[in-house]
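With my numbering, letter number 26 in the first sequence gets 308, and the count goes up by one each step, no holes. Backbone N, C-alpha and C define an ideal beta-carbon position, used for all residues, glycine too.
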Amino acid sequence: MNRTMLTRILSNPGNVKTKFQALQLHAQIIITGNTSSSSHTSTLISIYSNFNNLLHYTILLFHTLHSPPSLVAWKSIIRAYTSHTLFHQALYSFIQMRGFGIYPDHNIFPSVLKSCAVIMDLRLGQSVHGSIIRCGMGSELYTCNALMNMYFKFQGFVALNVFDEIPQRKGVCCTKDLSFGSSESEIKIGSFVDSVRKVFELMPKRDVVSWNTVIAGNVQNGMYEEALIMLREMGNANLKPDSFTLSSVVPIFAEYVDVIKGKEIHGYAIRSGFDSDVFIGSSLIDMYAKCTRMEDSLRVFDLLPRRDAISWNSIIAGCVQNGAFDEGLRFFRLMLSAKIQPMPVTFSSIMPACAHLTTLHLGKQLHGYIIRGRFDENVFIASSLVDMYGKCGNIRMARWIFDRIESHDIVSWTAIIMGYALNGYGNDAISLFEQMEKEGIKPGYVSFIAILTACSHAGLIDRAWDYFNSMTENYGIAPGLEHYAAVADLLGRAGRLEEAYELISNMHIEPTGSVWLTLLAGCRVHKKTELAVKVAEKIFGVDPDNMAAYVLLSNVYAVSGRWKEVAKLRICMRNKGMRKKPACSWIEIKNKVHAFSAGDKSHPYYDRINEALKVLLEKMEREGYVADTNEVLHDVDEEQKKTLLFSHSERLAIAFGVITLPAGTTIRITKNIRVCVDCHTAIKFMSKILGREIIVRDNSRFHHFNGGECSCGDYW
DNA sequence: CTAGGGTTAG
Numbered sequence: 283m284n285r286t287m288l289t290r291i292l293s294n295p296g297n298v299k300t301k302f303q304a305l306q307l308h309a310q311i312i313i314t315g316n317t318s319s320s321s322h323t324s325t326l327i328s329i330y331s332n333f334n335n336l337l338h339y340t341i342l343l344f345h346t347l348h349s350p351p352s353l354v355a356w357k358s359i360i361r362a363y364t365s366h367t368l369f370h371q372a373l374y375s376f377i378q379m380r381g382f383g384i385y386p387d388h389n390i391f392p393s394v395l396k397s398c399a400v401i402m403d404l405r406l407g408q409s410v411h412g413s414i415i416r417c418g419m420g421s422e423l424y425t426c427n428a429l430m431n432m433y434f435k436f437q438g439f440v441a442l443n444v445f446d447e448i449p450q451r452k453g454v455c456c457t458k459d460l461s462f463g464s465s466e467s468e469i470k471i472g473s474f475v476d477s478v479r480k481v482f483e484l485m486p487k488r489d490v491v492s493w494n495t496v497i498a499g500n501v502q503n504g505m506y507e508e509a510l511i512m513l514r515e516m517g518n519a520n521l522k523p524d525s526f527t528l529s530s531v532v533p534i535f536a537e538y539v540d541v542i543k544g545k546e547i548h549g550y551a552i553r554s555g556f557d558s559d560v561f562i563g564s565s566l567i568d569m570y571a572k573c574t575r576m577e578d579s580l581r582v583f584d585l586l587p588r589r590d591a592i593s594w595n596s597i598i599a600g601c602v603q604n605g606a607f608d609e610g611l612r613f614f615r616l617m618l619s620a621k622i623q624p625m626p627v628t629f630s631s632i633m634p635a636c637a638h639l640t641t642l643h644l645g646k647q648l649h650g651y652i653i654r655g656r657f658d659e660n661v662f663i664a665s666s667l668v669d670m671y672g673k674c675g676n677i678r679m680a681r682w683i684f685d686r687i688e689s690h691d692i693v694s695w696t697a698i699i700m701g702y703a704l705n706g707y708g709n710d711a712i713s714l715f716e717q718m719e720k721e722g723i724k725p726g727y728v729s730f731i732a733i734l735t736a737c738s739h740a741g742l743i744d745r746a747w748d749y750f751n752s753m754t755e756n757y758g759i760a761p762g763l764e765h766y767a768a769v770a771d772l773l774g775r776a777g778r779l780e781e782a783y784e785l786i787s788n789m790h791i792e793p794t795g796s797v798w799l800t801l802l803a804g805c806r807v808h809k810k811t812e813l814a815v816k817v818a819e820k821i822f823g824v825d826p827d828n829m830a831a832y833v834l835l836s837n838v839y840a841v842s843g844r845w846k847e848v849a850k851l852r853i854c855m856r857n858k859g860m861r862k863k864p865a866c867s868w869i870e871i872k873n874k875v876h877a878f879s880a881g882d883k884s885h886p887y888y889d890r891i892n893e894a895l896k897v898l899l900e901k902m903e904r905e906g907y908v909a910d911t912n913e914v915l916h917d918v919d920e921e922q923k924k925t926l927l928f929s930h931s932e933r934l935a936i937a938f939g940v941i942t943l944p945a946g947t948t949i950r951i952t953k954n955i956r957v958c959v960d961c962h963t964a965i966k967f968m969s970k971i972l973g974r975e976i977i978v979r980d981n982s983r984f985h986h987f988n989g990g991e992c993s994c995g996d997y998w
């Protein structure tokens, strides 16, 4: 190859199609001794920068330039850095280029603006905008699109309240190095949406990307109505929504829980042939799931021709959010066997399933996976681990992980406080809450649920009122159903039933059946039949099929011996097709869950369990245990009542734990309804006699039995 | 030759 041929090739760099050709060309330049020609080298840099894994050659060549790099060379190196997500380096090169007095041309600005947007350099971004205007590029289509995108990213950044961090985020980009723009320009918080509007309005021509950028930006900043207006205007401008538009718009209807509108978009996507798009698919899966339409969600997932990590995340999160925990776990396993790498969010989505199922072994397994994948430093994941261990009753592990989180945010604080609350350590929860406030973290809606739960489970009425009032007065948070329920529950169980009734009657939002239900439970504990009937009527007024209310009311009647009423209720329930869910307890032994229901004789070890219970009972009675048959709500004689008590599901599960687990280890069981008074007393005796910790999780909390005491302080 | 999208914990 001679010089003329070389020049011809280099004058038409678009002809270089493969990496091999590029390398060959490089060799030719060296062979023909043309290395000192900076125009040849610049062309080669630009050729190299088009290829993905030739970044090192690009950089190397760039630094061998003898004379100051040309605009082509600068653009190539900036483009190469940007495409390798090395945004700081890209911006540094841009600033250097300006330092050489070289004027950028229109097609370099989009990359520069993107880099500013990614590394959140607000100052440089605005400064580049100034120079764009001064270069007369202020109405160039691509540049304007990139500008609008950048300003929307900035807006989101400001909304996150992390504005203080900006000086540290400057990185290598020091504004003073810029030879253009006002280096000390003030950043006006909240003006970024206005900046977008200005850019958008001044655009002489807008394409689909312009509209998509504005629509997506509005959605990401929570301005849904504005986004929908823009969608309509886009149509008026005779531009058809594409797959990008649709996948930005679908999340709006997920947020609005508007499945009708969501389906409309879905239909449009199908008609336009976008329904196999992974992006749209994922947002549709999420939208249907948030609208509790899991069948539709699953169908979209099944019909996707290609599934990436995000489609898997969406379906897993959807299942878990809708309470289909086993299904969620199934998809998680399928994801792993489909060889799709889980992402940090995957764990955050699946963890609540372990927390709800209290499958500690599964949670531990996931924790192991997280540590091996080095995901454990992610705050999201750490918080969900704290939550999971707290909800599985392993408060020590929850605390251990909590203490290892570098900087605690509101979510991790709330998770640990809730952990202590559920496990009956009300005072620890309160001192953590105070510590959180001291460290300047403002408690939010959920934090108050946690602290009120803590007060409720520890019987701290005055503290609860203090927090309940301070929530509105000091933090401007209006109490929601959960807050009312926690306080009503506390008052109810403390016997202050009239006060609870007053509270619920004067709520600023309409009370639901479940709020009244807490009071009904209080009536049952304190045997207040008249009030119970009144409360039950309130419940059936808003929620006629509330089964828990039927069960509680029938228990209230049973306590006061009104068996006729009990029978009437039973018939009523049967007519409504309701069946009382049988009491059931579980214990996990060697990763296997063993379930027991009261009087259940089906377990293969039944004889040994029964024997163990008998031995235990003898020892308990010697220690002073007397069976309390008051709580047996069946119209039977004393002896039968005792037999019924002794075969309660929690006792069977504990006895099975005693005969299978090594002596001294903790026995953990889960029960689907509240543990009864007599079993609570009995388990206290058991923990003392056996000299081991027994942890019982019922449907609302944990009981840690140790040395004859329970963490709930007999208050539950 | 440069620009835009989906999933997340209490």
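On a Cα-Cα basis, can you pick out the residue from the options that is closest to residue i?
i: I759; options: F730, D744 and A782; result: F730
i: S328; options: K299, T314, M860 and E515; result: K299
i: K435; options: V490, G418 and V496; result: V496
i: W493; options: G504, V531 and S473; result: V531
i: A999; options: A536, W594 and I699; result: Coverage of the chain is limited to positions 283 through 998, which leaves residue 999 absent and any answer about it impossible.
i: V560; options: S993, N595 and P761; result: N595
i: S293; options: P533, H322 and T963; result: H322
i: A877; options: Y506, S473, H930 and E659; result: H930
i: S365; options: P392, R890 and V354; result: P392
i: K357; options: P386, Y339 and P350; result: P386
i: F928; options: V940, L943, G990 and N892; result: N892
i: G859; options: D889, I313 and P826; result: P826
i: G504; options: A519, P533 and K522; result: P533
i: L528; options: I653, R361 and V501; result: V501
i: G989; options: L972, Y997 and R983; result: L972
i: R983; options: K970, S969 and I951; result: I951
i: K396; options: F987, V410 and K646; result: V410
Taking the beta carbon of residue i as the centre, do at least 16 other beta carbons fall within 10 Å, making it buried, or is it exposed?
i: A703; result: buried
i: G708; result: buried
i: G563; result: buried
i: V769; result: buried
i: R290; result: exposed
i: R553; result: exposed
i: T346; result: exposed
i: N981; result: exposed
i: G463; result: Because G463 sits at a pLDDT of 36, beneath the cut-off of 50, its placement in the model cannot be relied upon, and the following sentence gives the value as read from the coordinates. Buried, by the Cβ-count rule.
i: K810; result: buried
i: K820; result: buried
i: V838; result: buried
i: F657; result: buried
Which residues in the same chain as residue i place their Cβ atom closer than 8 angstroms to its Cβ, once the five residues preceding and following it in sequence are excluded?
i: I743; result: C737, L772, L773, A776 and R778
i: R974; result: A945, G946, T947, T948 and I949
i: S694; result: V661, A664, S665, V668, F684 and I687
i: F474; result: Y433, F434, F436, Q437 and V440
Whose C-beta lies closer than 6 angstroms to the C-beta of residue i among residues of the same chain, with five residues either side of it excluded?
i: M902; result: F967
i: M617; result: W594
i: C573; result: V539 and V541
i: V875; result: W868
i: H985; result: V978, C992 and C994
Residues in its own chain within less than 7 angstroms of residue i by CB, not counting five upstream and five downstream?
i: V400; result: F369
i: V817; result: W798, L801, L802 and C805
i: D446; result: Low confidence applies here, because D446 scores a pLDDT of 43, under 50, leaving its location unreliable and the question unanswered by this model.
i: D1008; result: Outside the displayed span of the chain (283 to 998) sits residue 1008, for which this structure offers no information.
Contact between the segment 929-938 and the segment 903-917 (3+ Cβ pairs under 8 angstroms): no
At least three beta-carbon pairs within less than 8 angstroms, the segment 671-678 to the segment 639-650: yes
Inter-stretch contact (C-beta, 8 angstroms, three-pair minimum) for the segment 594-612 and the segment 562-569: yes
The segment 891-901 / the segment 948-960 touching (three or more Cβ pairs under 8 angstroms): no
Ordered list of alpha helix (DSSP H) runs contained in the segment 473-501, each at least 4 residues: 474-484
Segment contact, 8 angstroms Cβ cut-off, at least three pairs: the segment 836-848 with the segment 868-878: no
4 or more residues per run - each alpha helix (DSSP H) lying fully within the segment 324-359: 337-346
Alpha helix (DSSP H) runs contained entirely in the segment 898-985, provided each spans 4 or more residues: 920-928, 931-942 and 959-972
Complete runs of the alpha helix (DSSP H) confined to the segment 508-545 [at least 4 residues]: 525-537
Runs of alpha helix (DSSP H) wholly within the segment 740-808 (minimum 4 residues, chain order): 743-757, 763-775, 779-787 and 795-807
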